[in-house]
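Residue numbers (my numbering): 1268 to 1627. I have placed the structure first, in the form of structure tokens, so that the comments after it can refer back to it.
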Amino acid sequence: MKKAIASGNFLRSKLFWAIVAELLILLVGFILRPDFLSIQLRTLSDGTTVLFGTPVDILNRASEITIIAMGMTLVIALGGTDISVGALVAVSGAIALKFLRWDVLVYNTPGDYTVQPFYLVILLPLLACTLMGLFNGALIGKLKIQPIIATLILMVGGRGIAQIVTDGKQFTTQYTPFKFIGNGSILGLPLPIIITLVVVLGVMLFVRRTSFGMFVESVGINPNASRVSGLKSGTIILIAYVLTGFLSGISGLIYASRISSNDSNNAGLGYEMDAILAVVIGGTSMTGGKFSLTGTVVGSLIIRTITTLVLYFGVVSEAIMAFKALIIAVVIVLQSEPVRNAISRRRDRIRTQMGGEARA
1268 MKKAIASGNF
1278 LRSKLFWAIV
1288 AELLILLVGF
1298 ILRPDFLSIQ
1308 LRTLSDGTTV
1318 LFGTPVDILN
1328 RASEITIIAM
1338 GMTLVIALGG
1348 TDISVGALVA
1358 VSGAIALKFL
1368 RWDVLVYNTP
1378 GDYTVQPFYL
1388 VILLPLLACT
1398 LMGLFNGALI
1408 GKLKIQPIIA
1418 TLILMVGGRG
1428 IAQIVTDGKQ
1438 FTTQYTPFKF
1448 IGNGSILGLP
1458 LPIIITLVVV
1468 LGVMLFVRRT
1478 SFGMFVESVG
1488 INPNASRVSG
1498 LKSGTIILIA
1508 YVLTGFLSGI
1518 SGLIYASRIS
1528 SNDSNNAGLG
1538 YEMDAILAVV
1548 IGGTSMTGGK
1558 FSLTGTVVGS
1568 LIIRTITTLV
1578 LYFGVVSEAI
1588 MAFKALIIAV
1598 VIVLQSEPVR
1608 NAISRRRDRI
1618 RTQMGGEARA
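Structural data, given as structure tokens:
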């Protein structure tokens, strides 16, 4: 009986319908082009074996949004939002490329150089983005400034900071260890996918194996009641924004590594909206409260699958946002409570009729 109830609840959940939507989109791609779901194992010129295929590409290219959306889920569950994440991606890439230019190759004499510690190229961008997340969290959690206003500061100013860091220039790098972050593979699996898996599992363990996830839901459902019960809601909000900043820094490193360059104008452009949409599609309400990290992962895959599908069939890039809006609107309507309840009632009536016929 309990299993039946649990099964019924899952079928009514937003996560279930998000999974159904992703499968339907993949099915459309398969019907239109049977090789859309094909996966191949190829050996490159350097002898390494790598997985190729549209499903692998979807997982790979969804990495940046999925990582950011993990933090965005907690922020939205707290009743907030963070529209600065795209700018933080640009800042992360700018610092990494600037430091690579400054310190990884330090020329002693023409033709002679020394290699500086590479870990600083990773740590400095992450530290900078974490501090920017701390800035957002302090404004929202401690000074009680509206989230959209507080994060607007770095949304606008972040790209300016990235431009200042690089003196308005676009640097490129051929430094192999850095390029490996976004373009390398381990055991045939692209490294960004592995990084994303580690991040997703890490965040899930953090929120579910500690009390933090429960605190987030409590503050998101009723901030005043949480405060009265002794929860430090400001500190919880602060931690969520710090984590989001840190995760944005990771995404920025992956993005910069993919293109082997910094691009302060275009890096992370639109990431904030994609991350928010991934969270909402995954079943987390914009009003705060209960959240689903698993649903967010599915939401990220839906967004990336839509993008891949329309590009795969030759749709001009300018029309991608329109296709996203159309399909996402359908997904959100399918997830809406009236539609889900109507489908559930219809299913229950069919079961009742079938049961009556069986008894007859």
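Glycine residues also receive a C-beta, built at the ideal position from the N, C-alpha and C atoms. Predicted, not measured: the structure shown is a model, and the values here were computed from it.
CB contact flag (residue i, residue j, <8 Å)
i, j, result
"I1462", "I1521", "yes"
"L1282", "G1512", "no"
"W1466", "I1332", "Here residue 1466 is Val; the residue named in the question, Trp, does not match the sequence. Going by C-beta atoms, V1466 is not nearer than 8 Å to I1332."
"L1364", "G1516", "no"
"A1344", "R1426", "no"
"I1504", "I1569", "no"
"G1566", "A1285", "yes"
"A1523", "N1532", "no"
"L1367", "F1445", "yes"
"T1315", "S1452", "yes"
"S1518", "T1439", "no"
"G1487", "G1400", "no"
"V1323", "I1306", "yes"
"G1455", "L1308", "yes"
Rounded straight-line distance, which links the Cα of residue j to that of residue i
i, j, result
"T1443", "A1361", "18 Å"
"F1319", "F1303", "11 Å"
"D1541", "Q1620", "43 Å"
"V1597", "Y1538", "21 Å"
"R1630", "P1605", "The chain is shown from 1268 up to 1627; residue 1630 falls before or after that span and cannot be answered."
"I1573", "R1607", "23 Å"
"T1502", "K1409", "8 Å"
"S1330", "F1297", "23 Å"
"N1489", "K1557", "11 Å"
"V1423", "S1351", "8 Å"
"G1435", "V1388", "19 Å"
"P1301", "Q1413", "48 Å"
"L1514", "R1618", "46 Å"
Residue environment, residue i, which counts as buried when at least 16 other CB atoms sit within 10 Å
i, result
"F1447", "exposed"
"P1384", "exposed"
"S1647", "The displayed coordinates of the chain run from 1268 to 1627. Any statement about residue 1647 would go beyond what the structure contains."
"M1588", "exposed"
"D1235", "Because the chain in this structure spans residues 1268 to 1627, residue 1235 falls outside the shown range and cannot be described."
"A1288", "buried"
"N1327", "buried"
"A1534", "buried"
"M1481", "exposed"
"L1421", "buried"
"I1272", "No answer about I1272 holds up, because its pLDDT of 46 lies below 50 and its placement is not dependable."
"F1580", "exposed"
"N1403", "buried"
"Y1386", "exposed"
"T1381", "Residue placement at T1381 is flagged as unreliable, the pLDDT there being 45, under the threshold of 50; a coordinate-derived value is accordingly withheld."
"L1510", "buried"
"S1603", "exposed"
"T1477", "exposed"
"T1376", "Residue confidence for T1376 is low, a pLDDT of 49 falling below 50, so the modelled location carries little weight; the figure read from the coordinates is stated next. Label assigned to T1376: exposed."
"G1353", "buried"
"G1449", "buried"
"R1571", "buried"
Supposed contact pair residue j and residue i - C-beta distance, whole angstroms, cut 8 Å
i, j, result
"M1337", "T1554", "Not a contact, Cβ separation roughly 20 Å."
"T1348", "L1560", "That belief does not hold up - the Cβ atoms of T1348 and L1560 are roughly 17 Å apart, past 8 Å."
Checklist entry - Which residue spans inside the region 1473-1548 form an unbroken alpha helix (DSSP H) run of at least 4? => result 1479-1488, 1490-1495, 1500-1526 and 1538-1548
Item to check | Ordered list of beta strand (DSSP E) runs contained in the region 1314-1350, each at least 3 residues | outcome: 1316-1320
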